[in-house]
Each structure stands twice: as C-alpha cells, then as structure tokens.
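What follows is a set of notes on a single structure, which appears directly below.
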Amino acid sequence: MANFRLNGESRELDIEPEMPLLWALRDELGMTGTKFGCGIGNCGACTVHVDGNAARSCVTPVSAVEGRDVTTIEGLATALGGDELTPVQQAWIDHQVPQCGYCQSGMIMAVSSLLERNPSPSDAEIDAGITNICRCGSYPRVRKAIRALASA
Amino acid sequence: MTETTSKPKISRRKFLLVSAVAGGGVLIGYAATRPSRHRVANDTLAEGGERFVTSWIRLQPDNRITVYVPHSEMGQGIHTALGQMAADELDADWELVDIEQAPATDLFANDAIVKGFGEELLPPFLMGVVNASALTVARVANLQTTGGSSSVRYTGENTIRVAGAAARQMLLECAAERWGVPLAECSTELSHVHHSASGRSLAYGELASAAAELEPPENPVLKERSQFNIMGKAISRRDIPPKVDGSAPYGIDAHSEDMLYAALRLAPVFGAKLVSVDTGEALAQRGVQRVVELEDGYAVVADNYWRAKQALELVEATFESTENDNVSSAMLAERFDAALAGDNGSEDFESGDADAALEAARDVLEASYRVPYLAHAAMEPMNSTMHIQGDRAELWTSTQDALAIKARAASTAGLREDDVTYHHSYLGGGFGRRLPFTWNVIDHAALIAKEFDVPVKTILTREEDMRQDYYRPAVHSNFRAAFDSEGRVTAWHNRFTGPIQVPGAAHIPYAIPNQSIRVVDVETHVPIASWRSVDHSQQTFFIESFIDEIAHRGGVNPYQLRMDLLQEHPRHRNVLQVAAESAGYGSGLPEGHALGIAVQESFGSIAAQVAEVSIGDDGRAIVHKITCAMDCGWAVNPDGAEAQIESGIIFGLTAALHGAITIENGQVVQGNFPDYEMLRMATTPEIVVHLVESGNPPGGLGEPATPPVAAAVANAIYILTGQRIRELPIGDREFTQTPSLATID
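Taken in sequence, the protein lines are chains W and Z. Per the working numbering, the first sequence starts with residue 292, numbered consecutively. Per the working numbering, the second sequence starts with residue 434, numbered consecutively.
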C-alpha cells in the first residue's frame, strides 16, 4: 500500500512501492497534468512538489513519498494559497511563455519551488536551478517571467 | 456536426458557402472542398436533418462567433492567429470570438495549402497525404496538414480572411435592408452594424439568421493594412491559459479507468522483421495482460504503463538479420563521399559555365561539408490511444494532420474512415515528426488495440522515440569556387547528396555568374523525413559558411561581400543591414568576442542572423547573443512571431552545438537526452528579434529562423580561431583563439 497526500487529499493505492510516482499519478489516479518526457529524471517534464520541494516524479518511487505531501500542477494554486492562479502561472500568461506547453507543468513546478526558496534569484542561480528541457525553446521567456516575478 | 435548416447556397465561382444553423445563426465558409465534393459528402455522409458545410466561421444568435481552424496547435499559436484573421475581417469584438479545432472530416480539409504551394509543385511532405487519401474525390484533397509554415500564408490569407470579409458584407446588407437605408451609410464595429445617421445599431447575432438567406458576395473586399484592428496586434494566445494549470489535453493524456497501456519495442535495425519472442517472466508480472507480436517488433500490454515498460525488459526477441546489420555512420559517410566522387548527379540549378570558369580561374577554393542525422525529440513521446469496438473506433493522438492520421489508423485496423472518431488534442511538439506518413507507430498502436476491447494507449519510451524516428537527413556537400585575376568570385560549383526534400534549398541568391549545383541521390536504410525547416537547415549551413569562406579568401568583409552580391535582393540586404547594425557589426565588441553573419530565405520569409561568440577558458565556443532580423512581410501576431523566431533559433542552435544521431551496427546509438543534448536555460544565449515589415504578403514563421544560426555561429568561430567548421555539431570541440583574425571583422 502506498499512502500520501495529493494536493491536500489523502490517497491510498495498492501498488508496488517501487512504482515511480509519475505513473501512479497518471495511470492510477488519472492526474495527467504531470508529463512523461524522458523517464530518467533528465528533462524535468514530470516535476512535482514533495513537501514543497521540486522532485522529478519519473525517478521518485512512491515509497519515497510515503506519508508526505505531493503537489502537482493541478493543485499548485490551492497549495500556495488558493487563488485561481499563482503568481508564477499568471506570469506565464503575461509573458506568453508556453509554446507547445508540454514541458510547462514541470517548468512551472520547478520555478515555483526555486522562487519559494530564493525569491530573487540571479541569472546564475536561475541557470543552476532550472535545468528542465523545453524543446520549443521558451527559455528566454521563462527567464523574463522569473525576472519579473523576482522584482515584483 | 452542425445541424442546418436549409440547403447551403453555393457560389460556385468563389467557393463561398452560407448556411443557416438550427436554432438561429449562420455558418459562412470558404469551401475547402469543391462544391461537387461538398454535395457528394452531403449526399453520402449527412444523417437526418444534418447538412455539412465547410464552415470557417459561425455566427450565433447570442452574438458569439466561432472560428473553426483546420490546423493543429503545436505551440506556434496558429489557433489565435487564424482567429485574429477571421475576426478582423469581420470587425468582430475579439472578446466574443471562440476558436475551435475543426473536426477531422474532409469537409474541413484544406486545399488552400495545395493552392499555395501550387498543385504541380507539392512539397514532398504533402505527397504522402495526397497519394494515400482514401476519401479523395477530387484529385487533391483531404488535407488538414500543418507544416511548411503554411497556415497563415495560405489558409489564413486565401480562405479565412475571405470568409470573414464575406460575412461582414452580408451582415451589412442585412442591416441596410432591415433599416431601409443605403448600404453605404452603414458601418461595422465590435460585432455590430451601425447606422450613424439614425443612431441605430444591430448586433451581428440579431442579423445572423437573415444573413443565411443571402447569396455570398462574389468578391469580398479584404481590408488594407491600415484598417486592421485585430491583425498585427500582439494578442494573448488562447491556448496558453490551459497550458499553465495542467488542463490542456495532449494525445498522451487520453485516460479511462479501464484502459490498458502498451510499451513497444521495434526492430533496432530499421527494416528488420521479428523472428520470435521469448516472453520469459513477463506474463507473470503484476498487471501484464499479453505480449503482442508484430511484424517488426513486440509490445507488452499491462494495466499501467510502468508495469508494461518493466515487463518489456523481460522479453527476449530475435530479429532477422539484414544486410544493414553492420552499417555505421562512418560507412555511410564513405558511401556519401564515394557517391559524390563517382557521380555527377542530376541538375538542381545551372547557369553560365562553371566548369569553364574554374578552368580559367586564377584561384580555386574547395571545401567539403557534412551534417549528421537528427532526431526530432519532441517533448511528448510518440503515442496513440485507440478504442476499437467491432466496426467502430475512437482515436486519440497528437498529430499534424488529423484527417490523414485517422485514415491511416482506420486503414490499418481494417475499418472505414467514417467509422473512426478522432479526438483532437494539443501537440507536445511537432517539428515534422507528427506528419501523418512518418508517424509510423500509429500502425502498431492500431494493431495492438485491435487485440483488446478496451482503450489501449501505446507510448514509446524516450529511447524508442529517439531510435524509431524519421530523421533529418545526413548530407554531404562539396564546393568549389573560382576567382578571377581581380579576386572576384566567378563560379559556384556544388555537389551534394540527396534526396532533395525542398526544391531550391541549395540555390543561392548571390550574383555569381557561373553556377553548377547538382544533387547525387544516395540510398541508406535510415528513414528520413521533414525536420523543422527541412532541407534549409542543412543547405543554409553549407551555403552561408562557404560564401563566408569565399569572402575571407577574397579578402572582403563577409557582410560586405553578401551586400555586394545581393544587389537584386533588396529584402535580403535590408535584413542583413538591420541585423548587423543591431548586433554592433563593425563597432566595438567586448574583447575576445566576434560576430558571424548568415542570411536565408525560406517559406516566404527572409532571416538574417548575427551570432556573437567567444572562446571560453576551456577552449569551447560560447554563444552570447543571436540577433535576428526577419522579413516576414507582416506579422499577424507580432509577439507570437517573436516567440516562433526565438524558438526556431534555439532549435537550430541546439542542432549546431549538440545534435547528432549516429548509426552503429545498423542501429541508432543515442537513446535519451544525456546523449542527445538540448540547449537549456544555462546555455541559451540572449536573443534579439527585429521584425522587418516589407509590405509583402505574410511569410512563414515556424521554420525560417532555424536555418541561418549554425552558419552564423561557425562564421564567428572562424573569425576568432581561423578554424573553419565544416562538420556539425560543433560539440565539445576545443578551439585556440587566434587574435589576429579577429581584426577582419
């Protein structure tokens, strides 16, 4: 049995402890906002928050989140205060960041976690903290949006 | 489908269609299909009171407007851009405009693309669609293709704007008649018709049903640019809000409680057939339902994708051996070189007498270039979900052509096209990978789904996605240039390996009097297809590097040589000048930095790019900034245009710095991002974009920014180091800076 809280609600799943959280979310719980990109923790499309910290769910076994708080893109706004959109999500609209958008759930989760820890990151800190892949190349806009959030 | 209460009135000459909608309202469209096809479709496909209309625009009694867009949204912002084009011609209130993906039926097909490219000169990426369309009644039809940077250029300019303008004119006529005033006294604004003399106005919705009774105008007048209210504005994209909260559906997100998941492994050597599988312990694993054998691979089907993927590793398979089992990239390179040495190929472009000029030359410059295969590596791994129940099926997959992919899945599953319902989704990247006739795994997914009575989602692992792609072709290209006694270039002699996918990509705009450009086709077992900007991505690297070599050999500034040889191409000169001035060409740069320049016309737009590069302490090239000037005629959505240019540059730079798919033992070596590296935040340079308005019709924007960047970077590296990059990717190559050369710039 796997037990964790997902976006504030307790979940109990009869699954293997080594099943990556990504597939528990997508296939067992139908939470498809979190994306499969590489399966090896390299691209970041599957990024979620575990106890508020960014984690790559495709290489995080459910056993590692036992009893912990998991937040996905669907629950991000609620977890950070309950507004309809978080400042990061709103900045993503204001700066027209996404293109195909497939990587953006993970990108937004990674950036939200970075800004939580460091509300005003330098460019070098952004580079080190955000290693997600965006094949469409939204990086200049991701940076612009983060800078705007940092100076807000 | 839309129910209508009266027969469509067809203006045969102009292909404009008008139809009343049940419950009030009107559909106004530009017939993608010929009227005869339209009638055939209505006679054979419509049920009960339904009437099919090729509807681009629907006006509703509540004054809302729906624009049906036949192209796929893969991040290029096409839904918003085409919506803007319709809404502006209509003088609509943008807030009252909804945009919907047109259903995957041939009545929403799209032969404006064919008209745009010219029926006789279809680009190869469309040929498969045209040849294989099962529903084809006319010779060319059944297209919902998104590719070739064509949506705004052809669908938008040739059909959606026409439909919008026709609708506006009909609404004006209805209002004038109702008020009994001359039409000339009426005007339109924000989804209303106004009669200022009497102070009266009517909402479009109040006129929609009456408009349905009118014949559409034969020649609706399109707006001049000065009249645009919605086009030309940086309007927020409609597809972005669902992409920030996880709600945007992609093909891979199709989900049901009872669905099964398939993990697929295909023959690692392209073209090999499966001999046998030993399922080992796979079937004993939790959740595993079956191992499905296919002609060229096998799948494990389970109740969770991870379980299927884990069990896949337990299956041992034997594939038949093929003549390609020991083929390597090195062998293919030898084959390419031998072909170029041994065959004069077939004509691509000839003018003057290049051989004679080379004979008479005072100096001859020779160079051989090559680029590797590239994978598309869209972020959403290729996948398809199909639910086959008896003789009907439902299909979910991200595709650049819903109509054709539906036809392909139906044909593979042995179903009628009309019995397959396609569910639209966003695409997690396209880049040419999701065109219908290179979307190979759709067949496997259909065959697997046929074995079950619940929906089955087949997903390629990242490794399979990378190893079972249709690749950007590897190309070798040999050049010779002749110089006369004055140092002027007199001949351009080029032999490159084909096949050509985009005719003309190897042609040059430069006024060199004698040119001989020929292609030698070389066959390999590696599947190839369109990759963002297609042949331009390789040919622009070759051409714009070699013209730079010519400049340096002749002792002429590379920018100046281009300007000198582009007297007949003012648009090229203009973007070169804008990019060069913006980038600080010829003025003071930070110490150790140099600028490289390149220009290319593709898909109706002209891009000049300047790369600012330095060599780091570790000897590696650092790209600091790319400045791009783009003449795309004019941009429907300037912010969207800039996003596409940023994207195209990063895509091209990723390839230039990192991209290589190599072959060993007949198989692709690379499997995931660590060995097929992408640009990321830390390695993406500053990008400066200038949209240069030339007053020409809108050009493409999804692709034209990709081609020039590799040559721009390589040309800067030459200035810094004296080393000429003739092979991509640049990769981890270490350079030694040669300061003396930096003064050439």
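Even glycine gets a Cβ: it sits at the ideal position worked out from N, Cα and C. Being a predicted model, the structure only gives us computed values, none of them experimental.
Look up residue i in the DSSP assignment and give the residues it is bridged to.
i                       : result
residue 819 of chain Z  : Z/828, Z/889
residue 311 of chain W  : W/352
residue 1058 of chain Z : Z/1045, Z/1119
residue 300 of chain W  : W/297
residue 1002 of chain Z : None; residue 1002 of chain Z has no bridge partner.
residue 928 of chain Z  : Z/911, Z/951
residue 341 of chain W  : W/344, W/361
residue 1094 of chain Z : Z/806
residue 406 of chain Z  : An answer regarding residue 406 of chain Z cannot be provided, because it is not within the stretch 434 to 1178 covered by chain Z.
residue 1029 of chain Z : Z/1044
residue 636 of chain Z  : Z/625
residue 856 of chain Z  : Z/829
Which chain W residues sit within Cβ distance under 9 Å of residue i?
i                      : result
residue 895 of chain Z : 327, 328, 329, 330, 331, 333, 334
residue 669 of chain Z : 384, 385, 387
Pick from the options: whose alpha carbon is nearest that of residue i?
i                       : options                      : result
residue 724 of chain Z  : Z/922, Z/1116, Z/744, Z/798  : Z/744
residue 917 of chain Z  : Z/696, Z/592, Z/795, Z/1081  : Z/795
residue 935 of chain Z  : Z/967, Z/1081, Z/950         : Z/967
residue 910 of chain Z  : Z/922, Z/897, Z/929          : Z/929
residue 398 of chain Z  : Z/1026, Z/836, Z/760, Z/948  : The first residue shown for chain Z is 434 and the last is 1178, placing residue 398 of chain Z beyond what the model contains.
residue 816 of chain Z  : Z/802, Z/851, Z/863, Z/824   : Z/863
residue 668 of chain Z  : Z/1122, Z/528, Z/921, Z/1104 : Z/528
residue 1166 of chain Z : Z/643, Z/1049, Z/722, Z/494  : Z/1049
residue 629 of chain Z  : Z/1085, Z/614, Z/643, Z/949  : Z/614
residue 1057 of chain Z : Z/1033, Z/697, Z/1024        : Z/1024
Taking Cβ-Cβ distances shorter than 7 Å, what residues in chain Z pair up with residue i?
i                      : result
residue 323 of chain W : 686, 688
residue 444 of chain W : A query on residue 444 of chain W cannot be resolved here, the shown segment of chain W reaching from 292 to 443 and no further.
residue 396 of chain W : 679
Taking 7 Å as the cut-off, decide whether the C-beta atoms of residue i and residue j are in contact.
i                       : j                       : result
residue 1127 of chain Z : residue 1064 of chain Z : yes
residue 686 of chain Z  : residue 323 of chain W  : yes
residue 1038 of chain Z : residue 1132 of chain Z : yes
residue 766 of chain Z  : residue 694 of chain Z  : no
residue 260 of chain W  : residue 388 of chain W  : Look at the range of chain W in this structure, 292 to 443, and you will see that residue 260 of chain W is not part of it.
residue 748 of chain Z  : residue 726 of chain Z  : no
residue 1003 of chain Z : residue 1090 of chain Z : no
residue 1036 of chain Z : residue 1137 of chain Z : yes
residue 1150 of chain Z : residue 1112 of chain Z : no
residue 1105 of chain Z : residue 314 of chain W  : no
residue 504 of chain Z  : residue 584 of chain Z  : yes
residue 1016 of chain Z : residue 1028 of chain Z : yes
residue 866 of chain Z  : residue 940 of chain Z  : no
residue 363 of chain W  : residue 371 of chain W  : no
residue 701 of chain Z  : residue 1170 of chain Z : no
residue 959 of chain Z  : residue 776 of chain Z  : no
residue 524 of chain Z  : residue 610 of chain Z  : no
residue 348 of chain W  : residue 379 of chain W  : no
residue 782 of chain Z  : residue 950 of chain Z  : yes
With a 10 Å radius around its C-beta and 16 neighbouring C-beta atoms as the bar for buried, classify residue i as buried or exposed.
i                      : result
residue 292 of chain W : exposed
residue 822 of chain Z : exposed
residue 660 of chain Z : exposed
residue 485 of chain Z : The predicted model places residue 485 of chain Z with a pLDDT of 35, which falls under 50 and marks its position as unreliable; any figure quoted below should be read in that light. Counting Cβ neighbours within 10 Å, residue 485 of chain Z comes out buried, since at least 16 surround it.
residue 598 of chain Z : buried
residue 531 of chain Z : exposed
residue 295 of chain W : buried
residue 298 of chain W : buried
residue 429 of chain Z : Residue coverage of chain Z in this structure runs from 434 to 1178, which leaves residue 429 of chain Z outside it and unanswerable.
residue 432 of chain W : buried
residue 779 of chain Z : exposed
residue 246 of chain W : Examination of residue 246 of chain W is not possible in this model, given that chain W is present from 292 through 443 alone.
residue 677 of chain Z : buried
Less than 6 Å between the CB of residue i and some heavy atom of the ligand GDP, yes or no?
i                      : result
residue 692 of chain Z : Absence of the ligand GDP is noted for the structure shown, with no ligands found whatsoever.
Chain Z partners of residue i, CB-CB under 8 Å?
i                      : result
residue 376 of chain W : 677, 678
residue 433 of chain W : 1114
Less than 7 Å between CB atoms is the rule here; does residue i satisfy it with respect to chain B?
i                      : result
residue 712 of chain Z : Checking the listed chains, one finds no chain B in this structure; the protein chains it contains are W and Z.
List the residues of chain W that residue i touches, going by C-beta distances under 7 Å, in chain order.
i                       : result
residue 1106 of chain Z : 329, 333, 334, 424
residue 694 of chain Z  : 318
residue 1072 of chain Z : 387
What in chain W is Cβ-close to residue i, meaning under 8 Å?
i                      : result
residue 814 of chain Z : 327, 328
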